[in-house]
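Here the sequence shown is numbered in the numbering used here, starting from 291 and rising by one per residue.
Structure, as structure tokens:
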Amino acid sequence: MTGYWFPNLILPNLIAAVLFLNWAPVYAESTDTSLIAEMGLEEGAALVREMPGWVPPRKIVVLAENAARVASFQAVAPGVNVVGVRGPREAAAHMKDADALVGMCSPQLLADAPRLKWVQSQLAGVDGCIDVPRVRSGEILFTNMQRVNGSNVAEHAMALILALTRQINVAVVNQQSEEWSRRGFAPPQDLDGGTLLVVGLGGIGTEIARRAHAFNMRVIATRNSSRTGPDFVDYVGLADELPEMIAQADVVVNATPLTPATTDLFDSALFKRMKSSAYFINIGRGGSVVTDDLVAALNTGTIAGAGLDVTAPEPLPANHPLWNARNIIITPHMAGSSRIKMDRMWIVMRENVRRYVAGEKMLSVVDVEQGY
291 MTGYWFPNLI LPNLIAAVLF LNWAPVYAES TDTSLIAEMG LEEGAALVRE
341 MPGWVPPRKI VVLAENAARV ASFQAVAPGV NVVGVRGPRE AAAHMKDADA
391 LVGMCSPQLL ADAPRLKWVQ SQLAGVDGCI DVPRVRSGEI LFTNMQRVNG
441 SNVAEHAMAL ILALTRQINV AVVNQQSEEW SRRGFAPPQD LDGGTLLVVG
491 LGGIGTEIAR RAHAFNMRVI ATRNSSRTGP DFVDYVGLAD ELPEMIAQAD
541 VVVNATPLTP ATTDLFDSAL FKRMKSSAYF INIGRGGSVV TDDLVAALNT
591 GTIAGAGLDV TAPEPLPANH PLWNARNIII TPHMAGSSRI KMDRMWIVMR
641 ENVRRYVAGE KMLSVVDVEQ GY
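Now the structure itself:
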């Protein structure tokens, strides 16, 4: 592996590259502020011009797939040299005098950027850069894609839930062998009247809860910050209530970011508290789960099944025992792939470029202490 494409960044950057190169974008002349309000994006507490060391930027490096995209950023950054790049390798050549980096982040890129004061990630997850000392200290402002992925990831979570509870995964196997049979099917499980637990009631977790409520499920949730939640969530508990709440659920969805508090959160002790008929869905981060404990819980019937869009390790290597665990569906970290999400992502990044150049309050500022 050479240059700046190293293992923990390969997958998200490859996904981004495929999306950028194959999806025809729409370039709006003005930012859709109604969409930003609809997503519920929050402004930072302070004007960015009040940030220590901030000066009007002279050069911003942006991930952009063509000249038209670069021009759309340039239109909201008068007097700034907006440099479009197609990935980390191209970005590396422009970092020494860059004031801001938009669309990607890596410790290596930040290390080569002494002037850098702002990084905008195209991802919701922040674990790739949040431990960089200049980010941790607040010298570099870090913004991400909070809530932008809500609808598409929630749809993916519901797809996994429905496939498992209606045993579609077993039907697909039988179809491949041209077998009309109910052999191998577990009894289908109704969502209507069941209880779904969302672990991590943030932007994505809220959208999952909304959809589960539409299936007439009782929805309960945990969150780290408060007990507040939307009307369609029956009860919101704090993080330390998870061991008691997980025993109530017919479906458990992990929607937490990866932080020290959530690393290895789902272990054998938690799986043993779940109903033996319950399903575990992970659309958060693979590192939140002790993989060996999940494999054991599946193969011993401690839980009924699992749907995973993220794993640890990732990519999941061939012959890993998780592939052959009982009643499991694995998708290759694809819940974030969405045309709607891409359109929204460009709107948020463009608006934040405008705000940064003008010295205004920024959208979706990462709380480095909380880790999201």
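Just so it is clear, CB atoms sit at the ideal spot from N, CA and C, and this is done for glycine as well.
Where residue i and residue j are concerned, what is the direct C-alpha to C-alpha distance, given to the nearest angstrom?
i: residue 393; j: residue 399; result: 12 Å
i: residue 386; j: residue 631; result: 31 Å
i: residue 621; j: residue 431; result: 33 Å
i: residue 655; j: residue 638; result: 12 Å
i: residue 527; j: residue 447; result: 21 Å
i: residue 256; j: residue 511; result: Residue numbering for the chain in the displayed model covers 291 to 662; residue 256 lies beyond these limits and cannot be assessed.
i: residue 363; j: residue 454; result: 43 Å
i: residue 539; j: residue 606; result: 28 Å
i: residue 482; j: residue 567; result: 15 Å
i: residue 357; j: residue 635; result: 18 Å
i: residue 314; j: residue 412; result: Unreliable placement is indicated for residue 314, whose pLDDT of 38 sits below 50; the coordinate value is still reported in the next sentence. Distance between the alpha carbons of residue 314 and residue 412 is about 18 Å.
i: residue 519; j: residue 466; result: 43 Å
i: residue 658; j: residue 424; result: 11 Å
i: residue 361; j: residue 368; result: 11 Å
i: residue 436; j: residue 472; result: 42 Å
i: residue 429; j: residue 334; result: 15 Å
i: residue 509; j: residue 524; result: 6 Å
i: residue 530; j: residue 553; result: 14 Å
i: residue 580; j: residue 603; result: 10 Å
i: residue 451; j: residue 541; result: 8 Å
i: residue 537; j: residue 475; result: 24 Å
i: residue 608; j: residue 515; result: 39 Å
Taking a contact to mean a Cβ-Cβ separation below 8 Å, would you say residue i touches residue j in this structure?
i: residue 449; j: residue 501; result: no
i: residue 591; j: residue 569; result: no
i: residue 601; j: residue 576; result: yes
i: residue 559; j: residue 494; result: no
i: residue 573; j: residue 595; result: no
i: residue 662; j: residue 416; result: yes
i: residue 487; j: residue 535; result: yes
i: residue 650; j: residue 325; result: no
i: residue 422; j: residue 397; result: yes
i: residue 370; j: residue 342; result: no
i: residue 593; j: residue 587; result: yes
Which stretch, first to last residue, makes up the alpha helix (DSSP H) that contains residue i?
i: residue 646; result: 629-648
i: residue 508; result: Counting along the chain, residue 508 falls outside any alpha helix (DSSP H), though it belongs to the beta strand (DSSP E) covering 508-513.
i: residue 458; result: 458-466
i: residue 533; result: 532-535
i: residue 576; result: Looking at the DSSP string, residue 576 is not in any alpha helix (DSSP H), and its letter there is neither H nor E.
My assumption, with CB atoms under 8 Å, is that residue i sits in contact with residue j. Please give the rounded CB distance.
i: residue 625; j: residue 442; result: 7 Å
i: residue 640; j: residue 372; result: Between residue 372 and residue 640 the Cβ distance is about 11 Å, and since that is not below 8 Å, they are no contact.
Starting from residue i, trace the beta strand (DSSP E) in both directions and tell me its first and last residue.
i: residue 522; result: Unbroken run through residue 522: none, as it is neither H nor E.
i: residue 487; result: 485-489
i: residue 620; result: 618-620
i: residue 600; result: Looking at the DSSP string, residue 600 is not in any beta strand (DSSP E), and its letter there is neither H nor E.
i: residue 663; result: Nothing about residue 663 can be reported from this structure: the residues present for the chain run from 291 to 662 only.
i: residue 570; result: 569-572
i: residue 544; result: 541-544
Within 7 Å: the Cβ of residue i and any heavy atom of the ligand GTP?
i: residue 564; result: The ligand GTP is not part of the structure shown, which contains no ligands of any sort.
Is the shortest distance between the beta-carbon of residue i and the beta-carbons of chain D less than 8 Å?
i: residue 444; result: As a matter of chain content, chain D is missing from the structure shown, which is built from one protein chain.
Whole beta strand (DSSP E) elements within the segment 426-452, 3-residue minimum:
431-433
What ranges does the beta strand (DSSP E) occupy inside the segment 352-430, keeping only unbroken runs of at least 3 residues that lie completely in it?
371-375, 390-392, 408-410
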